[in-house]
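Visitor: Quick one: the structure is below, and I'll ask about it shortly.
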Amino acid sequence: MWEGILHARVAVARSTSIVTDVPDRAENLMLRTLYIRDYAIIDELEVDFENGLNILTGETGAGKSILIGALKLMLGERASGQMIRSGAKKAIVEGVFDNISSPELDQFLDEAEIESQPVLILRREITEAYSRGYINDSPATLTLMRKVAAQMIDLHGQHEHQSLLKIDTHLALLDGFGGLAGLRSEYEDAYKSVSDLIKQREKLLSDQDSLEVLRERLAYEIEEIDAVSPQEEEEEEFRNEMHRVAHAERLSGSAASLYSML
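Numbers 288 to 549, taken from my numbering, label the letters of the sequence shown in order.
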């Protein structure tokens, strides 16, 4: 039952300042309408949400998970043709958000050359051959849709609170609570750059060792050639000699055949 609950932080409303880990998010940002067509077992469905907390309840198998799945598609999750309703050619999931006001969100849209508007529309179209995403009717990559969605929606599963008991999640929680997400991102980028430089240095050193081995081998081969002291036009003489030897072998073979016939 709990999977069917759309909390204010899940998809419905942020009419109060619940979110503390992403200060740039608009407090009144809200999913106004969720439209689904030909997805899973849904023929066509349009859900209008009200201000505040909206809850979807029902027995197991009532379709709550299908709505959550459609919502995830709208947020940029990968899709497949199996998600299309049997007999249909294309599935569509569309969400309409209002009270859009976020500098980081505006930055994402500006970089993608998508006009920022008071109302933001996320749309996914899925067929057997392709999956396409749109933001305000402009084509958008799944990566961009995920970035935009991260500024607007948090999805929480039934047992997700259990991650609080995992030590490897504590640092991220503390960084989020302290408003250090941006600084942490800068640190991760810097750390990656340093790691890449270290790997490049190690590769250069390895290449240097390989070149040194190659140089020594070539030097040895040059010494061997010098010891033989090859003369000019000597190669041609060797070829002629080899030809004579090969010819002699053929003559010897022919003579042996004639002798056996006598």
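Backbone N, C-alpha and C define an ideal beta-carbon position, used for all residues, glycine too.
Would you identify the three-state DSSP class for R411, choosing helix, strand or coil?
Guide: Here residue 411 refers to the residue found at position 124 of the sequence shown. It is a strand residue.
Visitor: Going by DSSP in three states, V532 sits in which element: helix, strand or coil?
Guide: Within the sequence shown, the letter at position 245 stands for residue 532. DSSP places V532 in helix when its eight states are reduced to three.
Visitor: Could you please give the first and the last residue of the uninterrupted alpha helix (DSSP H) stretch that includes H467?
Guide: Within the sequence shown, residue 467 is the residue found at index 180, counting from 1. According to the sequence as given, residue 467 is Leu; it is not His. That residue, L467, is in no alpha helix (DSSP H); it is neither H nor E in DSSP.
Visitor: In whole angstroms, give me the CA-to-CA distance for M439 and D483.
Guide: Position 152 of the sequence shown, counted from the start, is the residue given in the question as residue 439. Position 196 of the sequence shown, counted from the start, is the residue given in the question as residue 483. For M439 and D483, the distance between alpha carbons rounds to 33 Å.
Visitor: So I454 is in the beta strand (DSSP E); what residue range does that whole segment cover?
Guide: Counting from one through the sequence shown, the residue named residue 454 turns up at place 167. Unbroken run through I454: none, as it is neither H nor E.
Visitor: Helix, strand or coil for P517, going by three-state DSSP, please let me know.
Guide: Along the sequence shown, one-based indexing puts residue 517 at 230. In this structure, DSSP gives P517 a state outside helix and strand, which the three-state scheme calls coil.
Visitor: Can you tell me whether G465 is buried or exposed? The criterion is at least 16 other CB atoms within 10 Å of its CB, across all chains shown.
Guide: As a working mapping, residue 465 is identified with position 178 in the sequence shown. By the 10 Å Cβ count, G465 comes out exposed.
Visitor: With DSSP run on the structure shown, which of helix, strand or coil describes Y421?
Guide: Taking the first residue of the sequence shown as position 1, residue 421 is located at position 134. Reduced to three states, the DSSP call for Y421 is strand.
Visitor: Secondary structure at M432, three-state DSSP: helix, strand or coil?
Guide: By one-based count along the sequence shown, residue 432 stands at place 145. Here M432 sits in helix by DSSP.
Visitor: What are the start and end residues of each continuous beta strand (DSSP E) run of 3 or more residues lying completely inside the region 356-399, in chain order?
Guide: List check, beta strand (DSSP E) in window: 378-385.
Visitor: Would a C-beta distance cut-off of 8 Å place D325 and K359 closer than the cut-off?
Guide: Looking up residue 325 in the sequence shown gives position 38. Looking up residue 359 in the sequence shown gives position 72. Not closer than 8 Å, so no.
Visitor: Whole-angstrom Cβ separation of L409 and A436, contact assumed at under 8 Å?
Guide: Locating residue 409 in the sequence shown gives position 122, where the first residue counts as 1. Locating residue 436 in the sequence shown gives position 149, where the first residue counts as 1. 7 Å between Cβ atoms; contact.
Visitor: From what residue to what residue does the beta strand (DSSP E) around R334 run?
Guide: Taking the sequence shown and counting its residues from 1, the one referred to as residue 334 is at position 47. Note on identity: in this sequence residue 334 is Val, with Arg being the wrong assignment. Run containing V334: I329 to D335, per the beta strand (DSSP E) assignment.
Visitor: Does the region 363-372 come close enough to the region 390-403 that 3 or more CB-CB pairs lie under 8 Å?
Guide: no
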